[in-house]
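Comments concern the structure below.
Residue numbers (my numbering), protein chains in the order written: chain G, 1 to 202; chain A, 1001 to 1125.
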């Protein structure tokens, strides 16, 4: 490699790494061919070479930056949404389960109320399902969406039944037990992260 | 059975207007597949030296043309006319040809309009 080629190779560092990995060899070959052409002078050759790098490298750098931001946002959005919903599900599911356990112990076992025992156990199972769905969302398991939908339907059905047949739960627990599963179901059914490949490359 | 949603292919007009470098590269590939330096030489010869593409401009444009499917790589081989190392060859795709035609038509309309306005085609005093 000649000194001029080494100098040009150094100039190619102005381009993004991925671009260099793909085209550096080809660009060096083209540069070598250009140097072999008869030219009026070395100064005009190097001026046009520097201008070419100065014109094309910043645009390619900007493009690479835009692509990396778009991909970062896509990954981050997916991560943040699933993490937020997962943590909410774990906390609300645990709250419902603890509330149900209290019901099972206090009214069901100590006061021998069979309706409270059955109702509390059902609510305990529903809460545990919501917790399991939350853990799956946080871990971003492949079947998290299916589990979340199943848990949401079960939980909503249990709390609807309890609100009508065994009105033992507090108003807040009932609203939470019905409202959150609807939100969780909607999220698991319809939320899809934005597709970065859908962006048109200008 | 999973339902596949396919994105429709973009029409040639969606790529217009092309930058001067992009149009020159597409024109260079219309009649033959070429490697990078051969594209630069063809553009320079066709424009009688008025347009000279540097390696940065050429490969930056080729990267975008490959990404948008207007140009495709057609393998790597040594140029029979020169020495030496194997080079990557590029060819225009059907979509690329349609886009180049659409751009040529657009430019033709512009030239016709300029002629009507007597900006070109008349002797200036």
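Quick reminder that beta carbons are idealized off the backbone N, C-alpha and C, glycines included.
Range covered by the beta strand (DSSP E) that runs through residue 1072(A): Reading the second chain from its first residue, position 72 is the one you call residue 1072(A). Segment 1071–1078, the beta strand (DSSP E) holding residue 1072(A).
Give the secondary structure of residue 87(G) by DSSP, where H, G and I count as helix, E and B as strand, and everything else as coil. Working through the first chain from its first residue, we reach residue 87(G) at position 87. Helix, per DSSP.
For residue 9(G), report the span of its beta strand (DSSP E) as first-last. Looking up residue 9(G) in the first chain gives position 9. That residue, residue 9(G), is in no beta strand (DSSP E); its alpha helix (DSSP H) goes 3–11.
Return the first residue and the last residue of the beta strand (DSSP E) that residue 1092(A) is part of. Sequence index remark: in the second chain, residue 1092(A) carries index 92 (1-based). Annotation for residue 1092(A): the continuous beta strand (DSSP E) segment containing it runs 1086–1092.
What does a CB cutoff of less than 8 angstroms around residue 117(G) pick up in its chain, not counting 5 residues either side in sequence? Stepping through the first chain from its first residue, residue 117(G) is reached at position 117. These residues qualify, in order along the chain: 104, 107, 108 and 109.
Whose CA, out of 1069(A), 1076(A) and 1108(A), lies closest to the CA of residue 1036(A)? The residue labelled residue 1036(A) in the question sits at position 36 within the second chain. Out of 1069(A), 1076(A) and 1108(A), 1076(A) has the C-alpha closest to the C-alpha of residue 1036(A).
Run through the DSSP bridge pairs and tell me what residue 1034(A) is partnered with. For the purposes of this step, residue 1034(A) is identified with residue 34 of the second chain, where counting begins at 1. DSSP lists 1090(A) as partners of residue 1034(A).
If you measure from the beta carbon of residue 1126(A) to each beta carbon in chain G, is any gap under 8 angstroms? Because residue 1126(A) is not part of the residues shown, which for chain A are 1001 to 1125, the question remains open.
Against chain G, with Cβ distances strictly below 8 angstroms, would residue 1055(A) count as a contact? Start at 1 with the first residue of the second chain, and residue 1055(A) comes out as number 55. Yes, residue 1055(A) lies at the interface with chain G (some Cβ there is under 8 angstroms from its Cβ).
Hey, quick one: how far does the alpha helix (DSSP H) through residue 291(G) stretch, first residue to last? Outside the displayed span of chain G (1 to 202) sits residue 291(G), for which this structure offers no information.
Apply the 10 Å Cβ neighbour rule to residue 199(G) and answer buried if 16 or more other Cβ atoms are within range, or exposed otherwise. Within the first chain, numbered from 1, the residue matching residue 199(G) stands at position 199. With a pLDDT of only 39 at residue 199(G), under the threshold of 50, the placement of this residue in the model should not be trusted, and no figure is reported.
Residue 99(G), DSSP secondary structure in three states: Position 99 of the first chain holds residue 99(G). Note: residue 99(G) maps to helix in three-state DSSP.
Can a CB atom of chain G be found closer than 8 angstroms to the CB of residue 1048(A)? As a first step, residue 1048(A) is located in the second chain; it is residue number 48 there, counting from the start. Answer no: the Cβ-Cβ gap between residue 1048(A) and chain G never drops below 8 angstroms.
Tell me whether residue 70(G) sits in a helix, a strand or coil according to DSSP, three-state version. Taking the first residue of the first chain as 1, we reach residue 70(G) at position 70. Reduced to three states, the DSSP call for residue 70(G) is helix.
Given that residue 33(G) touches chain A, what residues does it touch there, using C-beta distances under 7 angstroms? Within the first chain, residue 33(G) is the residue found at index 33, counting from 1. Ordered by position in chain A, the residues that pass the 7 angstroms Cβ test against residue 33(G) are 1037.
For residue 176(G), which residues of its own chain have a beta-carbon under 8 angstroms away from its beta-carbon, when the five flanking residues on both sides are left out? Residue numbering aside, residue 176(G) sits at position 176 when the first chain is read from its first letter. These residues qualify, in order along the chain: 92, 95 and 96.
Please say whether residue 53(G) and residue 1060(A) have beta carbons closer to each other than 8 angstroms? Taking the first residue of the second chain as 1, we reach residue 1060(A) at position 60. Taking the first residue of the first chain as 1, we reach residue 53(G) at position 53. No, Cβ-Cβ distance for residue 1060(A) and residue 53(G) is not below 8 angstroms.
Counting pairs of beta carbons, one from the segment 1082–1101 of chain A and one from the segment 21–35 of chain G, are three or more of them closer than 8 angstroms? yes
What whole-angstrom Cβ distance do residue 1033(A) and residue 1089(A) have, given they're in contact under 8 angstroms? Stepping through the second chain from its first residue, residue 1033(A) is reached at position 33. Stepping through the second chain from its first residue, residue 1089(A) is reached at position 89. For residue 1033(A) against residue 1089(A), the beta-carbon gap comes to about 5 angstroms, under 8 angstroms, which counts as contact.
Give the residues of chain A in contact with residue 9(G), contact being defined as C-beta atoms less than 9 angstroms apart. The residue given as residue 9(G) occupies position 9 in the first chain. Near residue 9(G) there are no residues of chain A at all, since even the closest Cβ is about 12 angstroms away, more than 9 angstroms.
Tell me which residue opens and which closes the alpha helix (DSSP H) that residue 135(G) is part of. For the purposes of this step, residue 135(G) is identified with residue 135 of the first chain, where counting begins at 1. Segment 114–138, the alpha helix (DSSP H) holding residue 135(G).
Counting along the chain, where does the alpha helix (DSSP H) carrying residue 1118(A) start and finish? Here residue 1118(A) refers to the residue found at position 118 of the second chain. Annotation: residue 1118(A) is outside any alpha helix (DSSP H) and is labelled neither H nor E by DSSP.
So that I know if they touch, is there some Cβ in chain G lying closer than 8 angstroms to that of residue 1096(A)? One-based indexing of the second chain puts residue 1096(A) at position 96. No, residue 1096(A) lies away from the interface with chain G (no Cβ there is under 8 angstroms from its Cβ).
Residue-chain proximity (residue 1073(A), chain G), Cβ-Cβ < 8 angstroms: Numbered from its first residue, the second chain carries residue 1073(A) at position 73. Closer than 8 angstroms: no.
Using a 10 Å radius around the Cβ and a threshold of 16 neighbouring Cβ atoms, would you call residue 8(G) buried or exposed? Translated into positions along the first chain, residue 8(G) becomes position 8. Residue 8(G) should be labelled buried.
Spell out whether any CB of chain A is found under 8 angstroms from the CB atom of residue 55(G). If you number the first chain from 1, residue 55(G) lands on position 55. Judged by the 8 angstroms Cβ criterion, residue 55(G) is in contact with chain A.
Along the chain, where does the alpha helix (DSSP H) that runs through residue 1067(A) open and close? Numbered from 1 along the second chain, position 67 holds the residue referred to as residue 1067(A). 1055–1067 is the span of the alpha helix (DSSP H), which, as asked, contains residue 1067(A).
For chain G, is any of its Cβ atoms less than 8 angstroms away from the one on residue 1004(A)? The residue you call residue 1004(A) lines up with position 4 of the second chain. Model confidence at residue 1004(A) stands at a pLDDT of 48, short of 50, so the residue's coordinates are unreliable and nothing is read from them.
What residue range is occupied by the uninterrupted alpha helix (DSSP H) comprising residue 148(G)? Taking the first chain and counting its residues from 1, the one referred to as residue 148(G) is at position 148. From DSSP, the alpha helix (DSSP H) with residue 148(G) extends over 144–165.
Would you mind giving the Cβ-Cβ distance between residue 1040(A) and residue 1100(A), rounded to the nearest angstrom? I have them listed as a contact below 8 angstroms. If you number the second chain from 1, residue 1040(A) lands on position 40. If you number the second chain from 1, residue 1100(A) lands on position 100. Between residue 1100(A) and residue 1040(A) the Cβ distance is about 18 angstroms, and since that is not below 8 angstroms, they are no contact.
First and last residue of the uninterrupted alpha helix (DSSP H) at residue 107(G): The count along the first chain starts at 1 and reaches residue 107(G) at position 107. Bounds of any alpha helix (DSSP H) do not take in residue 107(G), whose DSSP letter is neither H nor E.
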